[in-house]
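Worksheet: one structure, shown below.
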Amino acid sequence: MKNFTDFFISRPDEEIKRISAEFGFDRVIFVKEIKEISDFKDIEDYSFILINTQDKTKMRQFIDKALARNKKIIIQGKDGSLNRAALETKRIFMLLSPEAEATKDFQNYRNSGLNQVLCKIAEKNKVIIGISFSELLKIKSDKELAERIGRIMQNISLCRKYKTNMRLANFSSKKENLRAAMDLRSFGFAIGITPEQANNSLIQ
4 MKNFTDFFIS RPDEEIKRIS AEFGFDRVIF VKEIKEISDF KDIEDYSFIL INTQDKTKMR
64 QFIDKALARN KKIIIQGKDG SLNRAALETK RIFMLLSPEA EATKDFQNYR NSGLNQVLCK
124 IAEKNKVIIG ISFSELLKIK SDKELAERIG RIMQNISLCR KYKTNMRLAN FSSKKENLRA
184 AMDLRSFGFA IGITPEQANN SLIQ
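Heads up: the sequence shown is residues 4 to 207, going by the working numbering.
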């Protein structure tokens, strides 16, 4: 396994680097989560930030501020409207878990936070769609977990159809929730990612 990369949402930590190496990852990227403007005060040690807000104006403000400091930007998925606004900025690296707040289905099809239009925008603007394994570990209800995985599977199908790049990683903020690269790869197979996609989705 070469160049398999994980993402960890916390301050750089040598223990996390060691665990990630033992789990088959060649590299771990530490990500700073940004919810408020005050969160920008300690971002010097990070190359990536995760913007987590439902407010489009805040999101754009945070994107401007992050780019001014040469940071790569991940946007936490919200509803379809914010997901689209994020993809259309052309300035982000990844939209993470677009299905996260897609809780109400449409009349004729499942709401997964993506559709063919958004996948085409993501492909055109070279934005990666992220799949967070650690978010699934937080779900306690079997019914809710099955629904969430179903939405992810729909997004995988859409991304494959419209040639949109995906990234599968832990995206954990706790070391207890870390899983091995091969476990993520096997999970990817189980939810419909092809072997080639599974390998590519773990490579940074």
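Where a beta carbon is used, it is the ideal one built from N, C-alpha and C, also for glycine.
Cβ-Cβ distance between residue i and residue j below 9 Å
i: Phe238; j: Asn173; result: Absent from the model: residue 238. The displayed extent of the chain is 4 to 207, so no value can be given.
i: Leu181; j: Ser23; result: yes
i: Arg151; j: Glu138; result: yes
i: Ile132; j: Asn158; result: yes
i: Leu90; j: Leu121; result: yes
i: Gln200; j: Lys164; result: no
i: Asp42; j: Glu36; result: yes
i: Ala184; j: Phe26; result: yes
i: Ile76; j: Met97; result: yes
i: Ala194; j: Met169; result: The amino acid at residue 194 is misidentified as Ala; the sequence shows Ile. No; because the gap between Cβ atoms is not below 9 Å, this pair is not in contact.
i: Thr60; j: Lys38; result: no
i: Arg21; j: Asn6; result: no
i: Asn136; j: Phe190; result: Correcting the residue identity first, residue 136 is Phe in this sequence and not Asn. Yes, these two residues count as a Cβ contact at 9 Å.
i: Leu161; j: Ile196; result: no
Residue i (DSSP reduced to helix, strand or coil)
i: Ser41; result: helix
i: Ile176; result: This sequence places Ser at residue 176; Ile is not what is there. The answer is coil: DSSP assigns Ser176 none of H, G, I, E or B.
i: Val120; result: helix
i: Phe10; result: strand
i: Gly133; result: strand
i: Leu181; result: coil
i: Ile194; result: coil
i: Ile255; result: Lying outside 4 to 207, the shown extent of the chain, residue 255 is not represented and no answer is given.
i: Asp16; result: coil
i: Glu25; result: helix
Which residues DSSP lists as bridging residue i, in chain order
i: Met169; result: Ile132
i: Arg30; result: Thr8
Near the ligand MG: residue i beta-carbon under 8 Å from a heavy atom
i: Asn173; result: The ligand MG is absent from the structure shown, which contains no ligand whatsoever.
> For the 8 Å Cβ check, are there 3 or more pairs between the stretch 69 to 76 and the stretch 113 to 127?
Replying inline: No, they do not touch.
> In the stretch 34 to 118, which residue ranges form an unbroken beta strand (DSSP E) of at least 3 residues, counting only runs that do not cross its ends?
Replying inline: Taken in chain order, the complete beta strand (DSSP E) segments of 3 or more residues contained in the stretch 34 to 118 are 51 to 54, 75 to 79, 97 to 99.
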